[in-house]
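Read through the structure below, which is laid out as structure tokens, and then see the notes.
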Amino acid sequence: MKKLLIFVTIIFSLFFKSQQVNDSLQIRLQNVSKDTKFGLALSGGGAKGFAHIGILKMIDSLGIKVDYITGTSMGGILGGLYAMGYNADQLKKTIYKVDWNRILSNKIPYSKVNISEKDEYDKYILEFPVVKGVPTLPSSYIEGQYMGEVLNTLTFNAKHINDFSQLRIPVQLTSSDIENGGLVMQKKGSLPLAIRSTLAIPAAFAPVYIDGKLLVDGGLDRNYPANEVRQMGADFVIGGYTGFRLFTKKEIENPMKMIYQTHAIRSVEDFKHQKALSNILVDFVDPLGDITTKDFARFRKIIKIGEIEARKHLPEFVALAEAQRKLGIKYEHEMIEEVKLPTTKFTFNEEDGTSLTDDVEVAVIKRELGLTEGKYYDVKTVNEAIDRVFGMRQYEKVYYTYTNTGEALTMNIFVKKAKKGAFKLALHYDTEQSVGIIVNYTYRNILANRSRFLATIDISERFKARLAYQGFLGSGDHWWVDLEAKMVHLKSNDLTFRIFSYEDGDYNTRFPNHMYRNITGKVALNYNINPNAFISVGTEFSTERMYSLLDKVDQAKIDNYSKKLYNHSNFNTFIKFEQNSLNKRYFFTKGNHLQVSTRFYYGDQYELYDLETVQPQLYPILNPKDSYYFIPKNLVSFTLNENFAYPITRRLAAKVNLFLGTSFGSVREDSVPYFFLNQKYNLGGSEYNYDLLNPEFNGLRQKELPMNSVAKAGVSLQYRIMKRLYLTPSFNYGKVSEEFSPFNDSFDMFGYGVNLGYESLLGPISLNISRNNQLDFSRIYFSIGFKF
């Protein structure tokens, strides 16, 4: 009986509360007439703003007419797009479709990076601009290049409209003047740029220049713009609030929450005044609970909460819809139609609106755009043109707006120049070499426009370094020079060296670690065929050294220990073609990477140390004058490496690798051609290797099996188990030989393996297990971080 009474009491209280709400709404609706204007105000709240979809679905499903819209931050995005004619279902599908991880990064697809910049792109964890020789913090975390592309795509139908009152529903978006202070309402200009300014959260997203003002998220001054929608002419206001809540005394012991609270206090106080101006208000703050502004990955849950909370106000929305129908107020909501006007003029500007004055720079941008006056271009063509300019990596941001001149459009190109200097860091570890910190300094335009100098070192036990300079010639964007000096110092995995390093079968003496050091210098002239392909002609000098490394105990067991084994240097002149359209540097799912190279070797100089005494087992292997070998004259190599990826489904991609390494030169019967170490193809490793001479092969360590010639085919299936986590089984088959051709006196190899990979903030993480038919055990390899 007691439980029944409690149940009846709850039902009665809910009914009484609902009746109170209905009575209150009826009082508010008494003054509604045919001339009443209805406004919609949507607050900011970062990812929490997705909840506004619930309100928009309610408006659409009941056919409620909206006459004016105001919005802040995420409310500004949804409000601006709704004003164009998008309905709630379309906006929901858009939220589901957008790559929010990419939105919240400064990355573009690897395929859109110019081929001259691919070598350094997406290799570092942190990047700091260098100002007056000192690394400094960036002004913001996210420049928003991809965000701009998404917004321009979504608003392209309205590109000809520069007055937001001319949209399907008049809209105004809030922004704050971060330099002078004060609320700025965006009423005219570029709709995507206005949306971009209202979501420019300080220190997270870069600020936006509009009409000479530096603007950021309007939530600094007015997170819930109910007053502004009334100023537009609204008599009745529907609102959605996803803003701030105040933390408790216990919570603000966290210093980050204390900083948050200092801003939240002002916003919460302002909301009290704005709330009083609202007739129907859906307050999402408590239902969203612990969801934060940055929880974009939880968009499904946020939208669900928004839909549930909006339905709790169903009686209010129904009453409003019925009142509008009785008064003959009609709901009409259709997408604005694109007006396909030609672009008759282009302007080129700094981010702050100042015109670019360097004629060479403007000429390069024009050529990369590839757009001409007097033609109509669709959004895909325009975005691809902008990507080509951004892909040069000379700018931190490239975006565009349109100005309607009546019968045609003017396209305004804006660029934010990259800081000349940048200091970059990355970490790496793998089970075959060592842990290290990669430090890079890049300086642009040091001698000429579109030039780049970089210095990179790997601070680790296996020290590596690289100095490189590249510069485009004249005002063109095709010819460029490439100068490089590089040193690598690695533990040798050479299987042959390890097998033959035992002292007369004495396994009590461990075989020594062999260390390999290579120093190269290169000068090349390159020609960009297109942004993803180039041809290169150049000359390279290479000097290499192999030496053994024993600890003190093992050194004492050998009478004449000497670490020196082998020195060699030579030159090669090469011609190379490279084409790279992979969509990602790691875990790619689409595109291909083709490398074709021919090299002519000459100028060999070598020296063998006292191997006959110290390590006699290695002497016949490293001695080119041994009767078993002959050194071929006029040695020419031909190498082809093709990697192709094709997406079968959204989660599954097939990958194919074809590799051919063969050589030509003088032939001597009954002898094997002797190739120096830097002329061989080094099979092994489980990770995709951009080095043309080191094809990966299952069951082998990196560079574990150097051979004179190789023909190899590999296939793998990359399956995305969950976000950023990949499982990739693979199979390799190859023919390898110590002859010029892999098809002469060759032996067959096949290997199989499986790789578990994860895209982390520190770089790719890989755990690989593989095996092949030449070894009777499996290889296990683990690595984390970006590679040198």
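Numbering-wise (the UniProt record's numbering), the sequence shown opens with residue 1 and increments by one. For glycine and all other residues, C-beta sits at the position ideal for the given N, C-alpha and C. Everything numeric in this text was worked out from a predicted model, so none of it was measured.
For a quick check, are the C-beta atoms of residue i and residue j less than 8 Å apart?
i, j, result
"Asp-221", "Gly-182", "yes"
"residue 795", "Arg-450", "Nothing about residue 795 can be read from this structure; the chain reaches only from 1 to 788."
"Thr-662", "Pro-742", "yes"
"Ile-303", "Lys-92", "yes"
"Val-229", "Tyr-110", "no"
"Tyr-402", "Ser-197", "no"
"Leu-62", "Val-318", "yes"
"Tyr-752", "Ser-770", "yes"
"Glu-642", "Leu-658", "yes"
"Glu-396", "Lys-420", "no"
"Ala-713", "Tyr-733", "yes"
"Leu-327", "Leu-409", "no"
"residue 797", "Pro-207", "The chain is shown from 1 up to 788; residue 797 falls before or after that span and cannot be answered."
"Pro-287", "Glu-309", "yes"
"Gln-595", "Glu-607", "no"
"Ile-125", "Asn-528", "no"
"Tyr-331", "Ala-41", "no"
"Ala-645", "Asn-580", "no"
"Phe-244", "Ser-267", "yes"
"Gly-44", "Gly-75", "yes"
"Ile-55", "Gly-233", "no"
Just curious, the alpha helix (DSSP H) that residue i is in, first and last residue?
i, result
"Tyr-619", "619 to 622"
"Gln-145", "145 to 154"
"Thr-357", "Taken as a continuous stretch (DSSP letters only), Thr-357 belongs to no alpha helix (DSSP H), as it is neither H nor E."
"residue 820", "Residue 820 lies beyond the range of the chain shown here (1 to 788); nothing can be said about it."
"Leu-314", "314 to 326"
Count the other CB atoms within 10 Å of the CB of residue i; is the residue buried (16 or more) or exposed (fewer)?
i, result
"Val-553", "Here Val-553 scores only 49 on pLDDT, less than 50, and its place in the model is too uncertain to base an answer on."
"Phe-271", "buried"
"Gln-186", "buried"
"Thr-728", "buried"
"Asn-634", "exposed"
"residue 861", "Examination of residue 861 is not possible in this model, given that the chain is present from 1 through 788 alone."
"Pro-632", "buried"
"Phe-777", "exposed"
"Ile-438", "buried"
"Glu-540", "buried"
"Arg-585", "buried"
"Phe-12", "Legend: pLDDT at Phe-12 = 45, less than 50; position of this residue unreliable, no value from coordinates given."
"Asn-773", "exposed"
"Asp-35", "exposed"
"Val-364", "buried"
"Ile-161", "buried"
"Gly-505", "Its pLDDT being 45, under 50, Gly-505 is placed unreliably in this model, and the value from its coordinates should be taken loosely. So Gly-505 counts as exposed."
"Ala-653", "buried"
"Arg-650", "exposed"
"Phe-747", "exposed"
Per DSSP, which one or two residues make a beta bridge with residue i?
i, result
"Lys-188", "Asp-163"
"Val-131", "Val-134"
"Pro-764", "Glu-759"
"Phe-588", "DSSP output for Phe-588 lists no bridge partner at all."
"Ser-746", "Per DSSP, none; premise fails for Ser-746."
"Thr-573", "Thr-539, Phe-600"
"Thr-520", "Lys-486, Ser-542"
"Met-515", "Lys-491, Tyr-547"
"Val-171", "Ile-69"
"Ala-206", "According to DSSP, Ala-206 bridges with nothing at all."
"Lys-213", "Ile-210"
"Ile-142", "Phe-205"
"Ala-468", "Leu-454, Glu-484"
Over the uninterrupted beta strand (DSSP E) stretch that includes residue i, give me the two end residues.
i, result
"Gly-239", "236 to 241"
"Gly-661", "652 to 664"
"Ile-784", "779 to 785"
"Glu-350", "343 to 350"
"Ala-158", "Careful: Ala-158 lies outside any beta strand (DSSP E) and carries neither H nor E."
"Leu-288", "Run containing Leu-288: none in the beta strand (DSSP E); it sits in the alpha helix (DSSP H), 285 to 288."
"Gln-231", "Note, Gln-231: premise wrong, no beta strand (DSSP E); alpha helix (DSSP H) at 226 to 232."
"Glu-432", "Premise fails: Glu-432 is in no beta strand (DSSP E) and is neither H nor E."
Exercise. Would you list, in sequence order, the uninterrupted beta strand (DSSP E) runs of no fewer than 3 residues that lie entirely inside the segment 361 to 430?
Key: Complete beta strand (DSSP E) runs here, min 3: 395 to 404, 409 to 417, 421 to 430.
Quiz item: What residue ranges within the segment 701 to 739 form continuous beta strand (DSSP E) runs of no fewer than 3 residues, ordered along the chain?
Solution: With a minimum length of 3 residues, the continuous beta strand (DSSP E) runs that stay inside the segment 701 to 739 are 705 to 707, 709 to 722, 725 to 737.
Practice problem: Please specify which runs of the beta strand (DSSP E), each continuous and at least 3 residues long, are wholly inside the segment 48 to 109, giving them in chain order. | Solution: Annotation note: the segment 48 to 109 contains the following uninterrupted beta strand (DSSP E) runs of length 3 or greater, listed N- to C-terminal: 68 to 71.
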